[in-house]
Amino acid sequence: MKANRYVFFVYLGFVMIMIFSFAMDAQEVVFTQQVIGLSEMEYSLLISITGIGSVVGAVLLSIFFK
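Under my numbering, the first residue of the sequence shown is numbered 113, with each subsequent residue one higher.
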């Protein structure tokens with residue numbers, strides 16, 4: 113029973129972090145457009161570059177740390 117309780121709290125923590133991160137994604141769009149002054153196209157480019165960097169980082173990690 114205790115093992116199930118531990119897994120439940122780990123899962124609950126994960127779900128809470130995901131909910132807060134999704135809320136931050138929505139605020140990120142507003143911040144970059146209103147405060148920084150990026151257009152929709154510039155914001156899309158910024159997010160695309162972030163995704164490309166994530167993929168490149170994952171590939172480099174898989175190559176160098178086998």
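Glycine included, every Cβ here is placed at the ideal spot set by N, Cα and C.
If you draw a straight line from the alpha carbon of residue i to that of residue j, how long is it in whole angstroms?
i	j	result
isoleucine 90	phenylalanine 121	Because the chain is modelled from 113 through 178, residue 90 falls outside the range shown and cannot be assessed.
valine 168	leucine 157	16 angstroms
leucine 124	valine 171	30 angstroms
valine 147	phenylalanine 134	20 angstroms
phenylalanine 176	serine 166	15 angstroms
Tell whether a beta-carbon distance below 8 angstroms holds between residue i and residue j.
i	j	result
tyrosine 155	threonine 144	yes
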